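Visitor: Keeping their order, the protein sequence lines are chains A and B. For what it's worth, the numbering used here labels the leading residue of the first sequence as 1, then goes sequentially. For what it's worth, the numbering used here labels the leading residue of the second sequence as 507, then goes sequentially. Could you have a look at this structure, given as structure tokens, before my questions?
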Amino acid sequence: MLEGIMIGLTAAFSLQNLLMVVAGCLIGTFIGMLPGLGPMSIIAIMIPVAITLGDPAAALILLAGVYYGAIFGGSTSSILLNAPGVAGTVATSFDGYPMAQKGQAGKALTIAAVASFAGGTIGAILLMVFAPALSTVALLFHSAEYFALMVVGLSAIAAFAGTGQVAKALMMTMLGLMLATVGEGALFSMPRFTLGLMDLQSGISFITLAMAMFALPEAMFLVLNPARGTNGEGGSNKITGLRFSRAEGRAMMPVIGRQSVQGFFIGVLPGAGATIASFLGYAVERNLASPEEQKEFGKGSVKGLAAPETANNAACTGSFVPLLTLGIPGSGTTAILLGALIALNVTPGPRLMTDTPEIFWAVIISMFIGNLVLLILNLPLIPYIAKILTIPREYLIPFILFFTLMGAYIGQNNATELLILVGLGVVATILRFADYPLAPLLIGFILGTMLEDNFSRSMQLYQGVGFVLERPMTLALLVMALLLVLLPSYRARRARKRAEGVADGD
Amino acid sequence: MALDRWIALIFITFCCVYGYLAFFTMDQLLPPFMQRNPVWPSTFPKVLSVLGIIVGLVVLFGLESHSAEKEPSATDINYRRLHDYKLGQALMLLGLMVAYALMLRPAGFLLSTTVFLFAGSAVLGERKWLRMLLVAGIATGCVWYLVQEVLGIFLRPFPFFMGT
Numbered sequence: 001m002l003e004g005i006m007i008g009l010t011a012a013f014s015l016q017n018l019l020m021v022v023a024g025c026l027i028g029t030f031i032g033m034l035p036g037l038g039p040m041s042i043i044a045i046m047i048p049v050a051i052t053l054g055d056p057a058a059a060l061i062l063l064a065g066v067y068y069g070a071i072f073g074g075s076t077s078s079i080l081l082n083a084p085g086v087a088g089t090v091a092t093s094f095d096g097y098p099m100a101q102k103g104q105a106g107k108a109l110t111i112a113a114v115a116s117f118a119g120g121t122i123g124a125i126l127l128m129v130f131a132p133a134l135s136t137v138a139l140l141f142h143s144a145e146y147f148a149l150m151v152v153g154l155s156a157i158a159a160f161a162g163t164g165q166v167a168k169a170l171m172m173t174m175l176g177l178m179l180a181t182v183g184e185g186a187l188f189s190m191p192r193f194t195l196g197l198m199d200l201q202s203g204i205s206f207i208t209l210a211m212a213m214f215a216l217p218e219a220m221f222l223v224l225n226p227a228r229g230t231n232g233e234g235g236s237n238k239i240t241g242l243r244f245s246r247a248e249g250r251a252m253m254p255v256i257g258r259q260s261v262q263g264f265f266i267g268v269l270p271g272a273g274a275t276i277a278s279f280l281g282y283a284v285e286r287n288l289a290s291p292e293e294q295k296e297f298g299k300g301s302v303k304g305l306a307a308p309e310t311a312n313n314a315a316c317t318g319s320f321v322p323l324l325t326l327g328i329p330g331s332g333t334t335a336i337l338l339g340a341l342i343a344l345n346v347t348p349g350p351r352l353m354t355d356t357p358e359i360f361w362a363v364i365i366s367m368f369i370g371n372l373v374l375l376i377l378n379l380p381l382i383p384y385i386a387k388i389l390t391i392p393r394e395y396l397i398p399f400i401l402f403f404t405l406m407g408a409y410i411g412q413n414n415a416t417e418l419l420i421l422v423g424l425g426v427v428a429t430i431l432r433f434a435d436y437p438l439a440p441l442l443i444g445f446i447l448g449t450m451l452e453d454n455f456s457r458s459m460q461l462y463q464g465v466g467f468v469l470e471r472p473m474t475l476a477l478l479v480m481a482l483l484l485v486l487l488p489s490y491r492a493r494r495a496r497k498r499a500e501g502v503a504d505g506d
Numbered sequence: 507m508a509l510d511r512w513i514a515l516i517f518i519t520f521c522c523v524y525g526y527l528a529f530f531t532m533d534q535l536l537p538p539f540m541q542r543n544p545v546w547p548s549t550f551p552k553v554l555s556v557l558g559i560i561v562g563l564v565v566l567f568g569l570e571s572h573s574a575e576k577e578p579s580a581t582d583i584n585y586r587r588l589h590d591y592k593l594g595q596a597l598m599l600l601g602l603m604v605a606y607a608l609m610l611r612p613a614g615f616l617l618s619t620t621v622f623l624f625a626g627s628a629v630l631g632e633r634k635w636l637r638m639l640l641v642a643g644i645a646t647g648c649v650w651y652l653v654q655e656v657l658g659i660f661l662r663p664f665p666f667f668m669g670t
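And the structure:
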């Protein structure tokens, strides 16, 4: 491991990669601050840039920096304007915004930055310990287990979508998997579902799909409802007094310690991630606090601000574990990162550490650098960066749309792609009206090809579906996937029956 | 019928078409040597279409118990009152994007992008014409320089009749 860290240090401290971290964090903060643009849209927009860099390590470092920056920028706008740009920072606004209203915006931002830094750094240390261990285990996995593992991942993502939503999320996953079968597959080299159209021969571009699923609907929502984004009642834009007292620092310490570990492990789970981690972190710390402190929560409590901030950054780091060790993304954002890696000819998985250790370790080391950059470079700049929040929407929205279009165009150099983008974007907007979650669609789309490859390979090895029974691990994983999907609906049904007074069983 | 159920119905129709293609048309093209394989190109799509129809039916008939109606927040969009929102602006911007896609090649990057950004702000209600023109022009120039010179991706700057 020490050797690996050394490789990572040399790679990450090259001038180019250092620039990438700084640029990524700054861009991420800038755009993440804009209401309505989440890390997924930002990363999707940045992918063409990353791909043209050509160097996979630099590209991944840039994108990871953007990811961190976006989360940080999101917490800035939730503190200053009560308008979270990212779902993962909604919990931050519970205590951050009241603090800003009391004229302590600067202090709130510093606490958020320190908490994010600690969460991200502790998360990265945990990642260094757990990722190599997990990838040793993962090397024992067979294509049958991979197939089962992906099924578990997809079901977990659907299961975490919330009550009454599991079937909808599954439907979106299915749609994603179906879209992935369009075009010429590697395994059969035979065009499928192209309807005879040349433009569909190479399948649907995942950048186009990512843009259409996230960036475009978000922009359309901003257009449709001007109240969205400028939610705040003016918010205090004066940022003064960046310091917090020693007593407050001491109160934060245990919160940061607990939440970075908890957040990390929530982030590792597929489908959970920063949003769940931050809400859970907030709730846990509120329950642990003393009665006097509990009254503070929601009115500008230091603990209440530190908890979600630590947890969401630790969870972001945690979500890299399944991506780097198994090659299976657990969230929409890591799914987009996976797509970018595949486009750069890198296949993340257990062999990533042995085949290209410089990529693996450079990314981890750059996480430390990225967190440091956010703390010492971005924090003093925040008062200036926050000016971007005053750009009028008449200028902002055309630019968001333009960057969306450009992202799809640069990747393919094909104007037809833009028409596909607009078409899919309209569909995605309608799906969002009806409350269908879109992340499962994209994850299904990206995993679709791998899922089918592993499925077909095990079918060929075992001459049929016998592999499910012959490999107990596969069977166990598939049963787990089934339970994940069925359990929420079963529990909801039982809870309703109990409410009606006809509880069965217990 | 609520919108999410209509979508489920459309999805089921889509699955039926997809399944029809997988079950009845794809195997005809299969070369004889591949027919001895346990897995065909159509195997996975067949599984998907069946599962898709099942999931679609669950949503369509609302078999999954729903949680209580959520309070719609101020920033969310209620599609039943779509006319209360700026629907016209959204549709016009979509039209503008289609026009941009069609014009990008023939009119060249610089002209079509400037027009797109300018018209975009105009649609959203900005009326300071000179400022809009300046912002659009400068931004277009910067992006073109970045993409063409720094990233090295070719974008035809001028209309088709002015050479490449």
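Idealized CB from N, CA, C, for every residue including glycine. The model shown is predicted, which means the values in this text are computed figures rather than measured ones.
#1: Is A/L62 buried or exposed, if buried means 16 or more other CB atoms sit within 10 Å of its CB?
#2: How would you list, in chain order, the residues of chain A whose beta-carbon sits under 8 Å from the beta-carbon of B/G596?
#3: Using alpha carbons as the reference points, say which of B/F622, B/F517, B/S548 lies closest to B/D530.
#4: Can you find a C-beta in chain B that's less than 9 Å from the C-beta of A/S14?
#5: Taking just the CA atoms, how far does A/S189 sit from B/F539?
#6: Going straight from the alpha carbon of A/G8 to that of A/A57, what length do you get?
#7: With 9 Å set as the bound, which would you pick, yes or no: does the beta-carbon of B/Y526 sit closer than that to a beta-carbon of chain A?
#8: State the CB to CB distance for the pair A/S41 and A/A315, rounded to an integer number of angstroms; the pair is presumed to be in contact (CB under 8 Å).
#9: Can you give the Cα-Cα distance for A/A307 and A/Y282, rounded to whole angstroms?
#10: Got a sec, what are the start and stop residues for the alpha helix (DSSP H) B/T620 sits in?
#11: Can you list, in chain order, the residues of its chain with a C-beta nearer than 7 Å to that of A/M20? Leave out the 5 residues immediately preceding and following it.
#12: Based on the DSSP secondary-structure assignment, which residues constitute the bridge partners of A/P507?
#13: Just the Cα atoms here: how many angstroms apart are A/F94 and A/A118?
#14: With C-beta atoms as the reference, is A/A311 less than 9 Å away from A/S260?
#15: State the DSSP-derived secondary structure class of B/Y526, mapped to helix, strand or coil.
#16: Kindly give me the distance between the Cβ atoms of A/F265 and A/T317, rounded to whole angstroms, as I take these residues to be in contact under 8 Å.
#17: So, do the stretch 627 to 635 of chain B and the stretch 385 to 402 of chain A have three or more beta carbon pairs nearer to each other than 8 Å?
#18: First and last residue of the alpha helix (DSSP H) that includes A/M367?
#19: May I ask you to list, following chain order, the residues of the stretch 50 to 63 of chain A that have a beta carbon less than 7 Å from some beta carbon of chain B?
#20: Please decide whether B/A514 counts as near chain A, where near means a Cβ-Cβ distance under 9 Å.
#21: Use the C-beta contact count for A/Y490: other C-beta atoms within 10 angstroms, 16 or more gives buried, fewer gives exposed.
#22: Within 10 angstroms of its Cβ, does A/T29 collect 16 or more other Cβ (buried), or is it exposed?
#23: My output table needs one value for A/G232: the three-state DSSP class, helix, strand or coil.
#24: With A/K387 as the anchor, note down where its alpha helix (DSSP H) starts and where it stops.
#25: Note down the Cα distance separating A/A415 from A/L179, rounded to an integer number of angstroms.
#26: Tell whether a beta-carbon distance below 9 Å holds between B/P544 and A/Q460.
#27: If contact is defined by three or more beta carbon pairs under 8 Å, each pair taking one atom from either stretch, is the stretch 123 to 136 of chain A in contact with the stretch 446 to 458 of chain A?
#28: Are the C-beta atoms of A/I410 and some chain B residue less than 9 Å apart?
#29: Look up B/Q654 in the DSSP assignment and say whether it is helix, strand or coil.
#30: Keeping to the same chain, check which residues put their C-beta closer than 7 Å to that of A/Y462; ignore five residues upstream and five downstream.
#31: Report yes if the CB atom of A/A144 is closer than 9 Å to the CB atom of A/V468, and no otherwise.
#32: Ends of the alpha helix (DSSP H) at A/A289?
#33: Using the Cα positions of A/F297 and A/K303, report the straight-line distance between them to the nearest angstrom.
#34: What residues of chain A sit near B/P551, judged by a beta carbon separation below 8 Å?
#35: Just the Cα atoms here: how many angstroms apart are A/K107 and A/L280?
#36: Checking 9 Å against the spacing of the C-beta atoms, do A/G327 and A/T347 come in under that value?
Guide: In brief:
#1: Working through the first sequence from its first residue, we reach residue 62 of chain A at position 62. A/L62 comes out buried.
#2: Walking along the second sequence from the start, residue 596 of chain B turns up at place 90. Position check: residue 596 of chain B holds Ala in this sequence, whereas Gly was assumed. Neighbours of B/A596 on chain A, chain order: M220, V223, L224.
#3: Position 24 of the second sequence holds residue 530 of chain B. Sequence check: residue 530 of chain B is Phe here, not Asp. Comparing Cα-Cα distances from B/F530 to each of B/F622, B/F517, B/S548, the minimum goes to B/S548.
#4: Looking up residue 14 of chain A in the first sequence gives position 14. It does not: the Cβ of A/S14 has no partner Cβ on chain B nearer than 9 Å.
#5: To locate residue 539 of chain B, count along the second sequence from 1; it is residue 33. To locate residue 189 of chain A, count along the first sequence from 1; it is residue 189. A straight line joining the alpha-carbon of B/F539 with that of A/S189 spans about 14 Å.
#6: Start at 1 with the first residue of the first sequence, and residue 8 of chain A comes out as number 8. Start at 1 with the first residue of the first sequence, and residue 57 of chain A comes out as number 57. Using only the alpha carbons, I get a separation of about 10 Å.
#7: Here residue 526 of chain B is taken as the residue at index 20 of the second sequence, counted from 1. No, B/Y526 lies away from the interface with chain A (no Cβ there is under 9 Å from its Cβ).
#8: Here residue 41 of chain A refers to the residue found at position 41 when the first sequence is read from its first residue. Here residue 315 of chain A refers to the residue found at position 315 when the first sequence is read from its first residue. Not quite, the Cβ-Cβ distance comes to about 19 Å (not below 8 Å), so this is no contact.
#9: The residue given as residue 307 of chain A occupies position 307 in the first sequence. The residue given as residue 282 of chain A occupies position 282 in the first sequence. The straight-line gap from Cα to Cα measures roughly 6 Å.
#10: As a first step, residue 620 of chain B is located in the second sequence; it is residue number 114 there, counting from the start. Here the alpha helix (DSSP H) through B/T620 covers 615 to 629.
#11: Position 20 of the first sequence holds residue 20 of chain A. Cβ within range, chain order: A58, I61, L62, G65.
#12: This structure does not reach residue 507 of chain A, given that chain A is present from 1 up to 506, and the question cannot be answered.
#13: On the first sequence, residue 94 of chain A is found 94 positions in, with the first residue counted as 1. On the first sequence, residue 118 of chain A is found 118 positions in, with the first residue counted as 1. Each residue's alpha carbon lies about 20 Å from the other.
#14: Indexing the first sequence from 1 puts residue 311 of chain A at position 311. Indexing the first sequence from 1 puts residue 260 of chain A at position 260. Contact: yes.
#15: Numbered from its first residue, the second sequence carries residue 526 of chain B at position 20. Reduced to three states, the DSSP call for B/Y526 is helix.
#16: Working through the first sequence from its first residue, we reach residue 265 of chain A at position 265. Working through the first sequence from its first residue, we reach residue 317 of chain A at position 317. With 8 Å as the limit, A/F265 and A/T317 do not qualify as a contact, their Cβ atoms being about 11 Å apart.
#17: yes
#18: As a first step, residue 367 of chain A must be located in the first sequence, where it is residue number 367. Unbroken alpha helix (DSSP H) run through A/M367: 357 to 373.
#19: T52
#20: Taking the first residue of the second sequence as 1, we reach residue 514 of chain B at position 8. Closer than 9 Å to some Cβ of chain A, the Cβ of B/A514 qualifies, so yes.
#21: Looking up residue 490 of chain A in the first sequence gives position 490. The residue is exposed, with fewer than 16 neighbouring Cβ atoms inside 10 Å.
#22: Position 29 of the first sequence holds residue 29 of chain A. The residue is buried, with at least 16 neighbouring Cβ atoms inside 10 Å.
#23: The count along the first sequence starts at 1 and reaches residue 232 of chain A at position 232. Because the pLDDT of A/G232 is 44, which lies under 50, any placement of that residue in the model is unreliable, and the number read from its coordinates should be weighed accordingly. Reduced to three states, the DSSP call for A/G232 is coil.
#24: Working through the first sequence from its first residue, we reach residue 387 of chain A at position 387. Segment: none, A/K387 is in no alpha helix (DSSP H) and carries neither H nor E.
#25: If you number the first sequence from 1, residue 415 of chain A lands on position 415. If you number the first sequence from 1, residue 179 of chain A lands on position 179. Each residue's alpha carbon lies about 20 Å from the other.
#26: If you number the second sequence from 1, residue 544 of chain B lands on position 38. If you number the first sequence from 1, residue 460 of chain A lands on position 460. B/P544 places its beta carbon less than 9 Å from that of A/Q460.
#27: no
#28: Here residue 410 of chain A corresponds to residue number 410 of the first sequence, with the count starting at 1. At least one chain B Cβ lies under 9 Å of A/I410.
#29: Mapped onto the second sequence, residue 654 of chain B falls at position 148. Residue state, collapsed to three classes: helix.
#30: Counting from 1 along the first sequence, the entry for residue 462 of chain A is found at position 462. Same-chain partners within the cutoff: E470.
#31: Here residue 144 of chain A is taken as the residue at index 144 of the first sequence, counted from 1. Here residue 468 of chain A is taken as the residue at index 468 of the first sequence, counted from 1. Yes, the pair counts as a contact, with Cβ atoms nearer than the cut-off.
#32: Along the first sequence, one-based indexing puts residue 289 of chain A at 289. Per DSSP, A/A289 belongs to no alpha helix (DSSP H) and is neither H nor E.
#33: Here residue 297 of chain A is taken as the residue at index 297 of the first sequence, counted from 1. Here residue 303 of chain A is taken as the residue at index 303 of the first sequence, counted from 1. Cα to Cα, A/F297 sits roughly 8 Å from A/K303.
#34: Taking the first residue of the second sequence as position 1, residue 551 of chain B is located at position 45. What B/P551 touches in chain A: M178, T181, R192, F193.
#35: Indexing the first sequence from 1 puts residue 107 of chain A at position 107. Indexing the first sequence from 1 puts residue 280 of chain A at position 280. Cα-Cα distance, rounded: 24 Å.
#36: The residue you call residue 327 of chain A lines up with position 327 of the first sequence. The residue you call residue 347 of chain A lines up with position 347 of the first sequence. Closer than 9 Å, so yes.
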